[in-house]
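First up is the structure itself, then whatever we jot down about it.
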Amino acid sequence: MEALISEQSLQTRIGDMAWEIDRYYKRQEWYRNTQEPVVVIGVLTGAIFFMADLVRKLSIHTKLDYLRISNWSYSMSPKISSLPFTKLCNAHILLIEDILDTGETLRKIHRELYWEKPSSMKTCVLLRKPDKAPADIVVDFVGFDIPDEFVVGYGLDHKGRYREMPYVAVWSEEDEQRTSKNEVDRDKSFHCG
Ligand code: 5GP
Ligand code: MG
């Protein structure tokens, strides 16, 4: 699979994003006065590598937590299946998501987390498809704007696979044909019981 965003470009941009995020929080009066940790919440599973690389480049104080959301299909609205353990009332939240596509996922998460009455919530996404992202979904830190293509790697999957690739690639028609042929061959040669 050909890289859309190389490992080197990802790491360089994530370093710059960490600098932007540090600068933002270090300018906030509450942070300067209290040094209270920012509660960084990663959206499982896609954001794991991005979050791990980003937080290790930050110099502000943080607490790490996760939430899990399921996108069953494009026709059904996403469902939060596991909320963070950290108490979010009066907390300063930095939400970390892999990609902003139609915005349905972030809309759901924002709505749910605002119920907890945090003092502030900022959102950081690695990738954004600007042609599709709706104007009412506010993201504060964006890694890369990408074309409206299905991408895999660096946390993003296709049917549960390719998350571990260290770069981001476009999932092409040839990839689709090659893998579906392999699946058919495997089904023909493998029998359980
Ligand atoms: P949205 O709700 O903004 O349409 O989509 C957000 C979720 O859909 C992402 O968190 C991600 O799980 C999935 N998604 C959207 N676009 C892509 C893509 O190009 N590749 C992959 N692997 N997942 C995507
Ligand atoms: Mg996601």
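The numbering used here applies: residue 2 is where the sequence shown begins, and numbers increase by one. In this text, a Cβ means the ideal position worked out from N, Cα and C, and glycines have one as well.
For residue i, name the three-state secondary structure that DSSP assigns.
i, result
"Asp17", "helix"
"Glu105", "helix"
"His111", "helix"
"Leu65", "strand"
"Asp54", "helix"
"Thr35", "helix"
"Arg164", "coil"
"Lys182", "helix"
"Arg24", "helix"
"Asp99", "strand"
"Leu89", "coil"
"Leu45", "strand"
"Leu157", "strand"
Consider the C-beta atom of residue i and the heavy atoms of the ligand 5GP; say whether any pair is separated by less than 8 Å.
i, result
"Thr63", "no"
"Trp172", "yes"
"Gly104", "yes"
"Asn34", "no"
"Asn72", "yes"
"Val143", "no"
"His111", "no"
"His93", "no"
"Glu177", "no"
"Leu157", "yes"
"Glu150", "yes"
Could you check if residue i belongs to the surroundings of the ligand MG, using beta carbon to heavy atom distance under 8 Å?
i, result
"Ala48", "yes"
"Glu98", "yes"
"Asp81", "The residue you asked about is not Asp; residue 81 is Ile in the sequence shown. The answer is no for Ile81."
"Val41", "no"
"Val139", "no"
"Val169", "no"
"Val44", "yes"
From the beta carbon of residue i, is the nearest beta carbon of chain C less than 9 Å away?
i, result
"Ser181", "The structure shown contains no chain C; it is built from a single protein chain."
Figure out for me which residue from the options has the closest Cα to the Cα of residue i.
i, options, result
"Val169", "Ser181, Gln178, Gly144", "Gly144"
"Ser173", "Lys80, Val153, Met166", "Val153"
"Asp66", "Lys109, Asp102, Lys118, Ala48", "Ala48"
"Ser120", "Asn91, Leu84, Gly104", "Asn91"
"Leu89", "Ser71, Lys182, His111", "His111"
"Pro85", "Met77, Ile97, Pro79", "Ile97"
"Val140", "Glu177, Leu95, Arg179", "Leu95"
"Ala134", "Ile100, Tyr163, Ile15, Ala53", "Ile100"
"Val39", "Lys64, Lys118, Leu127, Met166", "Lys64"
"Asp149", "Ser78, Trp31, Arg129, Lys182", "Arg129"
Have a look at residue i and residue j and give me their C-alpha separation to the nearest angstrom.
i, j, result
"Glu3", "Trp20", "29 Å"
"Leu59", "Asp23", "6 Å"
"Leu107", "Lys80", "11 Å"
"Arg57", "Trp116", "29 Å"
"His62", "Asp137", "30 Å"
"Met18", "Leu127", "9 Å"
"Thr197", "Gly16", "The question about residue 197 has no answer, for the chain in this structure spans 2 to 194."
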